Structure formats: C-alpha cells, structure tokens
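All remarks here apply to the structure that follows.
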Amino acid sequence: MDSLKIEPTAPGTAADRTEWKFSEILADPEIRARWEKVRNYFFLRESTYDMTNRCNIRCDGCYYYEGRKQFADENKDPAAWRKLMRAEKVRGITYVVLAGAEPSLVPELCEVCHREMPLGSIASNGLKRIPASVNYKIHISVWGNDQTSLKVRKAPNMLRKQIKNYKDDPRAVFVYTYTRENIDQAHEVAEALSAQECMLTFNVFSAPVGYEGPLRHTAESLGRTRKSMIELLSMYPDHILFSHYNVVAHTHRKSLHDLYACSYPRMNPSTDIGLGRSFRQYRADLTWDRDVACCVPDTDCSDCRHYAAGSAVVTARLFRHASSPETFKAWLDYVDTYLAVWVMGYEKGPNLTRSLVPPPGQALF
Ligand code: SF4
Ligand code: SF4
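Just so we're aligned: 72 in numbering that gives the first Met the number 0 is position 73 of the sequence shown, and the numbers increase by one with no gaps anywhere.
Right, dumping it as structure tokens:
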C-alpha cells in the first residue's frame, strides 16, 4: 500500500495551517476558476425514474431485482410520463436519471422525458442503442471482461457489443464496476476502451440488502481496487473521468453513508432542504415511497460506495470540504468529475490535486 500514501508537503507551507477562511482558499486563482466553473451547475435538482421492470439480461447482484420496486406495473402511456415530467418541473426538478430495469427497452418513453426535461442521464447495459434524439448522458455498465460478463451477466461478447453501439457517441460514459472478483480485469477493459476513444469512469459494487455473495467487497479487495484505480488514472488520463478524491471516497473501508452522512430521503428524515426535500425515486408505475427513496434503492447503506450515490452525497458536503485549500481542491475535483460524467456538454478540467486527501474528520482508508 506504499503507493497510497499522501504526497508529502514541504514544512512551512500553506499545508501547515489549520484554519482557513473561504475567501483565503478562493484567493488561489486555480481554485477560484474551478469553483466558478462548477457553481454554474448548482441549480441541478435530480430525481430518478424506473422506466420499465424488464431487462434483456439478468445479472447476479442486480439491486433492481431486490425489494418491491420490480413488482410495480409498468406505465407505458407516454401521456402519463409527459404529465409526470411537467409536474416534476413545477416541483423544481431540473435533472432526471432514467434507470431500472433497462431503459433502452422503452425508447419512446425516454424520448418523452427528454422532450420535457432536457438534462439527464440513462443507466443502460448498452446492448440496445438508445436513439440519438435522446440527448442524455448514457452510462453503460461494465462488470469485467467478456468472460466475466458471460458468467455474471449471462451475456456473450458484451464489451464488444457495447463499444459497437456507442463508439464515437458523446453521450456515452462506460462505467466499470469493480467487484471483489474483477479487479485485475480493469486494465484490459480500460485499454480496450481507450483504444476506441471511449470515455470511462469507475463504480464500486455496493451490495444489495442481504447480499453476501462473492461480488461483495472486503477491506483487502477495496485496497486492491484503490491501487488499480490510481494506476489506471495515471495510464489513461485522457479517457478516464475520475480523480484521486473519487478514489479515496469510493474505496474507503467505511461506506459513503458512514463517511459523509447520506442525504437521500431514505437515510435523511429532513424534509426542509436539499435532497431530503426534493428527491423522489419513481417506480415503473409512477408511484414513489419516501421511506425507500434513494438513487440506488435496496442497496445496503453500510456497503454503499456506488458512484451515483457519491455524486450527490459527496458533492452535498461543500462546507465540510472548505477547510483548507487541499481539501477543497479534492472536493472540486470530485464535483468536476461528477459533472463531466452526468451532464451533456460539460468538459472535465485537469484534476487540481494528485494527493490522496482523507475525507473530513476521517482516516485515509
Ligand atoms: S443490466 Fe442492469 S437492470 Fe438488467 S439485470 Fe443487469 S444490473 Fe439489473
Ligand atoms: S444506499 Fe447509498 S445512496 Fe441509498 S440511502 Fe443508502 S447510503 Fe444513501
């Protein structure tokens, strides 16, 4: 784990200071420029929507097919979806995540959503191409090399098909989910994707409630995942949307909830501000239930390291990270990464820090 130590800073530098005013942190022109860039997107207010309860494959460890949401009757009426989207706008929602089970099976409903709500993303397995008119980010899930996908997802030649469908598509971000069993395969997948000029980001398998199978991480596998991510980030900086702080946050022994206190309604009783007030997770029948509402429902919160969860949970903790220039730079890198992964047209800048910065008040691992 030597490669994971924080890069040393020289004695007598700014790193020695323990108290900073926000204005002093922003005095650094590089930090200020990035802050001004990301704060333009603070208007984003997300909710998520299960588009269908069907999928064209069946993966081990799929959280969609845990819990009750899979049993909701599908609402296939475009008019009902249009009405919902219009009501969501009135409620202040500005960004939609179309997910569970496989949205590419209902492209006409995705179209309706896009026409009403221009900003959003779709979580897809990438086996069926979504029409270009749906100009959302498309997150294509990759769970290992093709041998592993065949075993875990029962789908042959998966990466080859995904690349064929989405090569040269600016909407596409391939999302490599590190499980306990596929850590070594990330290198060959990153190599294959970068050779085709595809963009890649990382996720960490987060066990559904009650799942104790072989994909669930241990402290040892999280350490190996961390090492792999750092290596790939330095090998393919032009094709990987990630930062060192993303690495720390998502491979920590503690879950995102334990590190940052999750702000989704399921774990946050507050109905006054932020996600606790605005976020809803709609099932395929267009109902929602505050008690189970989060972006990855039926995931075990004590094992939650999901990239979609972090995009809200970490970014919401601005004030905790405004404690020093180094910590704030790490947070800015995280937000810059999140926007590049989730928002069409947003270009990621170079990461501001390569240090491994611990989450506020926490150990590094
Ligand atoms: S592709 Fe996604 S929704 Fe379909 S079974 Fe796999 S994990 Fe579940
Ligand atoms: S699973 Fe993750 S995102 Fe969902 S409530 Fe738990 S900690 Fe939050």
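C-beta atoms are modelled at their ideal positions from N, C-alpha and C, and glycine is treated no differently. The model shown is predicted, which means the values in this text are computed figures rather than measured ones.
Inset, instruction - Give the secondary structure of Leu355 by DSSP, where H, G and I count as helix, E and B as strand, and everything else as coil. - result: coil
Inset, instruction - Report back the beta-carbon spacing between Tyr175 and Leu158 to the nearest angstrom; my notes put them in contact at under 8 Å. - result: Wrong, their Cβ atoms sit about 10 Å apart, outside the cutoff.
Legend entry - Those residues which DSSP pairs with Gly60 across a bridge: DSSP, once it has assigned bridges, lists no residue as partnering Gly60.
Inset, instruction - Return yes when the C-beta of Met266 is under 7 Å from any heavy atom of ligand 2, and no when it is not. - result: yes
Legend entry - Closest residue to Ser123 among Cys109, Val133, Ser103, His113 (Cα-Cα distance): Ser103
Inset, instruction - Taking Asn245 as part of the alpha helix (DSSP H), name the residues at either end of that continuous run. - result: 243 to 250
Legend entry - Residue from Val295, Phe173, Ala78 whose Cα sits closest to the Cα of Ala339: Phe173
Inset, instruction - Leaving aside the five residues before and after Trp19 along the sequence, list all residues of the same chain whose C-beta is less than 6 Å from its C-beta, in chain order. - result: Ser323
Inset, instruction - Could you check the C-alpha separation between Lys68 and Asn52 for me, to the nearest Å? - result: 8 Å
Legend entry - Buried versus exposed, by CB contacts within 10 Å (16 or more), Thr352: buried
Inset, instruction - Take every Cβ of the stretch 42 to 57, pair it with every Cβ of the stretch 71 to 88, and state whether three or more of those distances are shorter than 8 Å. - result: yes
Inset, instruction - Would you check whether ligand 1 has a heavy atom nearer than 7 Å to the C-beta of Ser374? - result: Residue 374 is absent from the model: the chain starts at 0 and stops at 364.
Inset, instruction - Label Phe42 either buried or exposed according to how many other C-beta atoms from any shown protein chain fall within 10 Å of its C-beta, with 16 as the threshold for buried. - result: Phe42 should be labelled exposed.
Inset, instruction - Excluding the 5 residues preceding and the 5 following Met266 in the sequence, name in chain order all residues of the same chain whose CB lies nearer than 8 Å to its CB. - result: If we look at Met266 and ignore the five residues flanking it on each side, its Cβ neighbours are His256, Ala260, Cys293, Cys300.
Inset, instruction - Label Ser22 either buried or exposed according to how many other C-beta atoms from any shown protein chain fall within 10 Å of its C-beta, with 16 as the threshold for buried. - result: exposed
Inset, instruction - Determine the closest residue to Asp27 out of Ala191, Phe327, Asp167, Asn164, with distance taken between C-alpha atoms. - result: Phe327
Inset, instruction - Kindly indicate which residue of Val342, Asp332, Pro359 has the alpha-carbon position closest to the one of Ile30. - result: Asp332
Inset, instruction - Check Ile272 in the structure and name its three-state DSSP category. - result: Judged by DSSP in its simplified three-state form, Ile272 adopts coil rather than helix or strand.
Inset, instruction - Over the uninterrupted beta strand (DSSP E) stretch that includes Glu115, give me the two end residues. - result: No beta strand (DSSP E) holds Glu115; the alpha helix (DSSP H) holding it covers 106 to 115.
Inset, instruction - Please indicate yes or no: does the CB of His249 lie closer than 7 Å to some heavy atom of ligand 2? - result: no
Legend entry - Whole-angstrom distance between Leu285 and Leu83, CA atom to CA atom: 8 Å
Legend entry - Option nearest Pro207 by Cα separation, candidates Gly66, Arg44, Leu355, Arg38: When C-alpha distances from Pro207 are compared across Gly66, Arg44, Leu355, Arg38, the shortest belongs to Gly66.
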